[in-house]
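*Asks:* The sequence shown begins at 27 in the numbering used here and counts up one residue at a time. All C-beta atoms, glycine included, are put in the ideal place defined by N, C-alpha and C.
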Amino acid sequence: MRRGVPRKSGAPRSSNTRHPHILGIDDAPFDKRQHTPVPIVGVMMEGAAVVESVAIGAFPVDGDDATAYLSQWIAEFRFFQAVQAVILGGVTIAGLGLVDVGHLSRDLGRPVLVVTRRSPRGSELERALRAAGLTDRLPILERSPPAVRMAEGLYVAHAGIEAEEAARLLLWTLGKSRLPEPLRVAHLIGRAVVMGESRGRV
Numbered sequence: 027m028r029r030g031v032p033r034k035s036g037a038p039r040s041s042n043t044r045h046p047h048i049l050g051i052d053d054a055p056f057d058k059r060q061h062t063p064v065p066i067v068g069v070m071m072e073g074a075a076v077v078e079s080v081a082i083g084a085f086p087v088d089g090d091d092a093t094a095y096l097s098q099w100i101a102e103f104r105f106f107q108a109v110q111a112v113i114l115g116g117v118t119i120a121g122l123g124l125v126d127v128g129h130l131s132r133d134l135g136r137p138v139l140v141v142t143r144r145s146p147r148g149s150e151l152e153r154a155l156r157a158a159g160l161t162d163r164l165p166i167l168e169r170s171p172p173a174v175r176m177a178e179g180l181y182v183a184h185a186g187i188e189a190e191e192a193a194r195l196l197l198w199t200l201g202k203s204r205l206p207e208p209l210r211v212a213h214l215i216g217r218a219v220v221m222g223e224s225r226g227r228v
């Protein structure tokens with residue numbers, strides 16, 4: 027799907043449903059020196075068991091306008107109207123493509139959750155942005171919602187949804203891993219796209 031400006035707006039709607047339809051998004055492995063765009067994988071699942079759709083996009087290494095890219099890419103997703111929330115595997119894609127989580131949630135009219143295994147270290151990301159000469163992105167980092175520890179090895183930041191509802195939603199997406207299944211499957215597909223097969227335990 028092509029890059030462009032956000033097209034959707036409105037208040038995030040509720041995700042209070044028995045089997046929520048969640049879109050998990052993760053980037054594929056890449057080399058910081060590569061000149062080709064990084065594959066971006068989106069997997070929509072119903073709960074933790076049913077994969078309903080897969081989409082693959084691409085974004086430049088350390089590219090700008092990551093929020094606008096994701097906003098349009100997700101909005102053009104064939105089953106976007108069924109998506110009740112979006113889960114990202116971090117606040118960046120393809121290296122230092124920094125996502126404004128609150129802005130993305132407002133653009134899509136959906137809750138956006140950022141799920142990681144470890145507590146995010148904003149200071150490390152800030153240093154990386156400064157080293158790369160991308161200080162214009164620091165205001166986005168400063169606006170990032172704080173991550174909270176929901177369980178051992180599970181940290182969550184959220185926008186467009188209250189913490190209690192975010193926790194309930196995540197419970198429906200957990201399967202064999204501490205990561206939400208839509209995100210875990212997107213990670214596996216991304217590795218397979220680049221490496222020929224997924225490797226390692228996720």
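(1) Comparing C-alpha positions only, which one of R153, S79, F56 and A157 sits nearest to Q107?
(2) My understanding is that R204 touches R143, with C-beta atoms under 8 Å, so please give their C-beta distance in whole angstroms.
(3) Please tell me whether F85 and G135 are closer than 9 Å, where the distance is taken between their beta carbons.
(4) So, is V211 buried or exposed, given that buried needs 16 or more other C-beta atoms within 10 angstroms?
(5) Sort out for me which residues DSSP pairs H47 with in a bridge.
(6) Could you pull out every unbroken alpha helix (DSSP H) segment of at least 4 residues lying fully inside the region 163-196, listed in chain order?
(7) Is the Cβ-Cβ distance between D88 and A158 less than 9 Å?
(8) Going by DSSP in three states, T62 sits in which element: helix, strand or coil?
(9) Taking 8 Å as the threshold, find out whether the region 64-72 comes into contact with the region 193-208 through three or more Cβ pairs.
(10) Using the Cβ count rule (16 or more neighbours within 10 Å means buried), how would you classify H47?
(11) In the DSSP assignment, what are the bridge partners of V211?
(12) Using only alpha-carbon positions, find the residue among A173, P63 and H45 that is nearest to Y95.
(13) Given a cut-off of 9 Å, decide if L195 and L130 are closer than it, judged by their beta-carbon atoms.
(14) Is it buried or exposed, S149, if we count other Cβ atoms within 10 angstroms and call 16 or more buried?
(15) Which first and last residues belong to the beta strand (DSSP E) in which V87 is found?
(16) Leaving out the 5 sequence neighbours to the left and right, which residues in its chain are closer than 6 Å to R175 when beta-carbon positions are compared?
(17) Cα separation between G50 and L214?
(18) If you follow the alpha helix (DSSP H) that T93 is in, where does it begin and where does it stop?
*Replies:* To lay it out plainly:
(1) Position 81 of the sequence shown, counted from the start, is the residue given in the question as residue 107. Ranking the options by Cα distance to Q107, first place goes to S79.
(2) As a working note, residue 204 is residue 178 in the sequence shown. As a working note, residue 143 is residue 117 in the sequence shown. Rounded, the Cβ-Cβ distance is 7 Å, consistent with contact.
(3) The residue labelled residue 85 in the question sits at position 59 within the sequence shown. The residue labelled residue 135 in the question sits at position 109 within the sequence shown. It is not a contact, given that the beta carbons lie outside the stated cut-off.
(4) Indexing the sequence shown from 1 puts residue 211 at position 185. Classification for V211: buried.
(5) For this step, residue 47 is matched to residue 21 along the sequence shown. DSSP, once it has assigned bridges, lists E72 as partnering H47.
(6) 164-169
(7) Within the sequence shown, the letter at position 62 stands for residue 88. Within the sequence shown, the letter at position 132 stands for residue 158. Yes.
(8) In the sequence shown, the residue the question calls residue 62 occupies position 36. Note: T62 maps to coil in three-state DSSP.
(9) yes
(10) Your numbering for residue 47 matches position 21 in the sequence shown. So H47 ends up on the buried side.
(11) Taking the sequence shown and counting its residues from 1, one reaches residue 211 at position 185. DSSP output for V211 lists no bridge partner at all.
(12) Translated into positions along the sequence shown, residue 95 becomes position 69. Checking every option, the nearest Cα to that of Y95 belongs to P63.
(13) Within the sequence shown, the letter at position 104 stands for residue 130. Within the sequence shown, the letter at position 169 stands for residue 195. No.
(14) The residue you call residue 149 lines up with position 123 of the sequence shown. Classification of S149: exposed, given that the 10 Å Cβ count is below 16.
(15) Reading the sequence shown from its first residue, position 61 is the one you call residue 87. Element bounds for V87: n/a, residue is neither H nor E.
(16) In the sequence shown, residue 175 corresponds to position 149, counting from 1. Only Y181 meet the Cβ criterion.
(17) For this step, residue 50 is matched to residue 24 along the sequence shown. For this step, residue 214 is matched to residue 188 along the sequence shown. Rounded to the nearest angstrom, the two C-alpha atoms are 12 Å apart.
(18) Position 67 of the sequence shown holds residue 93. Here the alpha helix (DSSP H) through T93 covers A92 to A101.
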